[in-house]
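As structure tokens, the structure follows; a few thoughts come after it.
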Amino acid sequence: MAKVLFIGAVHEALPAFEALCASHDVEVSGVVTLKNAMAVSGGCSVDISTAAERHGITTHILSDLNTPLLVEDIVPFGADMAFVVGWNRLIPQPVLDVFPLGVYGFHASALPRDRGRAPVNWAIIKGYTRTANTMMRLSAGVDLGDVVDQRFTPIFYDDTCATVYSRIADLGAQMIISNLPAILAGRLSTTRQDPSEGNNLPKRTPDMGVVDWTMAPTEIHNWVRAQTSPYPGAFSELNGRRVSIWSTSPPSVNANLGGDLRPGTIVQADAGGVVVQAELGTIRLTSLTWADGSPVDHEQLDVGNAFSQPAGDWASWAKGLGARPERLVFGAA
């Protein structure tokens with residue numbers, strides 16, 4: 001029976017891991033994960049070692065993502081192939097060469113479209129109505145491996161990254177089970193990617209969550225749900241105080257209570273949330289917290305007060321346009 005090494009550290013990894021453990025065609029001989037799972041950026045980490053212990057599988061634990069994965073770390077597992085799910089570092093070529101049946105990984109986009117970081121966040125920000133999970137035979141490049149399989153999922157108007165990634169994870173587990181027989185038989189068919197095709201997404205950081213109130217209500221709705229928990233969240237400033245915005249109501253097409261008020265102006269505040277003027281209408285913010293994590297009492301906010309507008313260069317960088325400004329300030333660029 002072929003042996004598999006599993007490498008992973010995020011919630012998306014668990015369905016894939018459990019699918020491999022349930023397979024009668026392979027034996028999971030070991031797991032590589034992180035000592036401190038929270039070292040995975042974005043807050044989507046999971047303790048794979050606990051699941052491995054439950055299955056009686058030996059775990060090799062790296063101290064953090066900056067610890068290199070070495071050949072001597074994985075040779076003792078005697079694995080014929082490896083599956084990598086939710087690992088934010090490239091697997092070095094010497095490690096790839098250890099596995100005679102290959103190393104397989106996943107990327108949450110319809111490759112070659114949207115290579116790089118935070119593909120689901122960007123998909124929601126950009127208003128995509130569907131995305132995909134792509135299974136690859138890994139190479140040393142960034143999301144450039146030969147495509148094994150690709151399966152799609154819709155993005156609904158009330159989805160967040162967490163709900164989309166849940167479906168992405170299920171698609172990954174399905175692709176593993178579907179393609180294992182061909183891998184084991186040595187008859188796997190793959191499609192080579194052309195590095196000149198597609199695009200590369202920029203990395204997202206917490207400072208990129210700033211809200212540009214000159215966006216349309218739909219764009220702000222997408223912005224918030226793309227960065228809500230488990231991510232650091234969208235944010236703005238009100239009277240010099242940082243405010244995190246965790247959810248909004250999907251805006252209606254004709255919602256425009258504020259008329260010609262400056263974008264960011266509060267036009268209504270009640271128990272159900274805060275209605276704010278945007279560029280082409282209004283949007284209701286339904287869950288807000290102050291910087292210390294305490295909830296914002298919507299009804300205590302003053303109608304006519306306004307959230308601060310970030311400087312133009314900050315707002316552009318947050319949307320993936322241009323380099324990070326030297327200073328992240330509210331007000332004119």
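All residue numbers for the sequence shown refer to UniProt numbering, where the first residue is 1 and numbers rise by one. Every residue, glycine too, gets a C-beta built ideally from N, C-alpha and C.
Which residue from 301, 305, 328 puts its Cα closest to that of residue 314? Counting from one through the sequence shown, the residue named residue 314 turns up at place 314. Comparing Cα positions, the closest option is 328.
So the candidates are 283, 24, 331, 9; which of them puts its Cα closest to the Cα of residue 176? Numbered from 1 along the sequence shown, position 176 holds the residue referred to as residue 176. Of the candidates 283, 24, 331, 9, 24 places its Cα closest to the Cα of residue 176.
Might you give, ordered along the chain, the residues of its own chain that have their beta carbon closer than 8 Å to the beta carbon of residue 210, omitting 5 neighbours on each side? Position 210 of the sequence shown, counting from 1, holds the residue named residue 210. Same-chain partners within the cutoff: 234, 235, 236, 310, 314, 315, 318, 328.
What number of angstroms, rounded off, separates the C-alpha of residue 143 from the C-alpha of residue 213? As a working note, residue 143 is residue 143 in the sequence shown. As a working note, residue 213 is residue 213 in the sequence shown. Approximately 34 Å between the Cα atoms of the pair.
What separation, rounded to the nearest whole angstrom, lies between the Cα atoms of residue 120 and residue 246? Walking along the sequence shown from the start, residue 120 turns up at place 120. Walking along the sequence shown from the start, residue 246 turns up at place 246. Cα-Cα distance, rounded: 17 Å.
Using the C-alpha atoms, what's the distance from residue 110 back to residue 174? Stepping through the sequence shown from its first residue, residue 174 is reached at position 174. Stepping through the sequence shown from its first residue, residue 110 is reached at position 110. Rounded to whole angstroms, the separation of the alpha carbons of residue 110 and residue 174 is 16 Å.
Between residue 284 and residue 274, which are expected to be in contact by the criterion C-beta below 8 Å, what is the C-beta distance as a whole number of angstroms? In the sequence shown, counting from the first residue as 1, residue 284 sits at position 284. In the sequence shown, counting from the first residue as 1, residue 274 sits at position 274. Going by Cβ atoms, the distance from residue 284 to residue 274 rounds to 7 Å, so yes, they are a contact pair.
Just to confirm the assignment: which complete alpha helix (DSSP H) runs, minimum length 4, are found wholly within the region 23-103? The region 23-103 contains these whole alpha helix (DSSP H) runs: 48-54, 71-74, 93-96.
Whole-angstrom Cβ separation of residue 26 and residue 52, contact assumed at under 8 Å? Here residue 26 corresponds to residue number 26 of the sequence shown, with the count starting at 1. Here residue 52 corresponds to residue number 52 of the sequence shown, with the count starting at 1. Between residue 26 and residue 52 a beta carbon distance of about 15 Å is seen, past the 8 Å cut, so the two are scored as non-contacting.
When DSSP labels each residue in this structure, what does residue 146 get in the three-state scheme? Counting from one through the sequence shown, the residue named residue 146 turns up at place 146. Reduced to three states, the DSSP call for residue 146 is strand.
Beta-carbon proximity list for residue 202, same chain, < 8 Å, skipping 5 on both sides: Position 202 of the sequence shown, counting from 1, holds the residue named residue 202. Non-local beta-carbon contacts of residue 202 in its own chain, meaning distances under 8 Å to residues more than five positions away in sequence, involve 116, 117, 320 in chain order.
Taking a contact to mean a Cβ-Cβ separation below 8 Å, would you say residue 148 touches residue 190 in this structure? Reading the sequence shown from its first residue, position 148 is the one you call residue 148. Reading the sequence shown from its first residue, position 190 is the one you call residue 190. Yes, Cβ-Cβ distance for residue 148 and residue 190 is below 8 Å.
In angstroms, rounded to a whole number, what distance separates the CA positions of residue 38 and residue 10? Mapped onto the sequence shown, residue 38 falls at position 38. Mapped onto the sequence shown, residue 10 falls at position 10. Residue placement at residue 38 cannot be trusted, given a pLDDT of 47 that sits under 50; the coordinates are not used to answer.
Thinking residue 303 and residue 277 are a contact (beta carbons under 8 Å), I'd like their distance in whole angstroms, please. The sequence position of residue 303 within the sequence shown is 303, counting from 1. The sequence position of residue 277 within the sequence shown is 277, counting from 1. That belief does not hold up - the Cβ atoms of residue 303 and residue 277 are roughly 11 Å apart, past 8 Å.
Restricting to runs no shorter than 3 residues, where is the beta strand (DSSP E) found entirely within the region 132-216? The qualifying runs are 146-154.
Have a look at residue 40 and residue 260 and give me their C-alpha separation to the nearest angstrom. The sequence position of residue 40 within the sequence shown is 40, counting from 1. The sequence position of residue 260 within the sequence shown is 260, counting from 1. Its pLDDT being 47, under 50, residue 40 is placed unreliably by the model, and the measurement read from it follows with that caveat. C-alpha separation (whole angstroms): 44 Å.
From residue 307 to residue 243, what distance separates their C-alpha atoms? For the purposes of this step, residue 307 is taken as the residue at position 307 of the sequence shown. For the purposes of this step, residue 243 is taken as the residue at position 243 of the sequence shown. Separation of residue 307 and residue 243 (C-alpha to C-alpha, rounded to the nearest whole angstrom) is 9 Å.
For the region 10-22 against the region 80-97, do three or more pairs of beta-carbon atoms, one drawn from each stretch, fall closer than 8 Å, so that the two count as touching? Output reads yes: the region 80-97 touches the region 10-22.
Could you check if residue 187 is buried or exposed, using at least 16 other CB atoms within 10 Å of its CB as the buried criterion? By one-based count along the sequence shown, residue 187 stands at place 187. The residue is exposed, with fewer than 16 neighbouring Cβ atoms inside 10 Å.
Taking its Cβ as the centre, do 16 or more other Cβ atoms sit within 10 Å of residue 45, making it buried, or is it exposed? Position 45 of the sequence shown holds residue 45. Looking at its Cβ environment, which holds 16 or more other Cβ atoms inside 10 Å, residue 45 is buried.
Could you pull out every residue in the same chain whose Cβ sits closer than 8 Å to the Cβ of residue 4, ignoring the five residues on either side in sequence? Stepping through the sequence shown from its first residue, residue 4 is reached at position 4. Listed in chain order, the non-local C-beta contacts of residue 4 below 8 Å within the same chain comprise 20, 26, 27, 28, 29, 79, 80, 81, 82, 83, local neighbours out to five positions each way being set aside.
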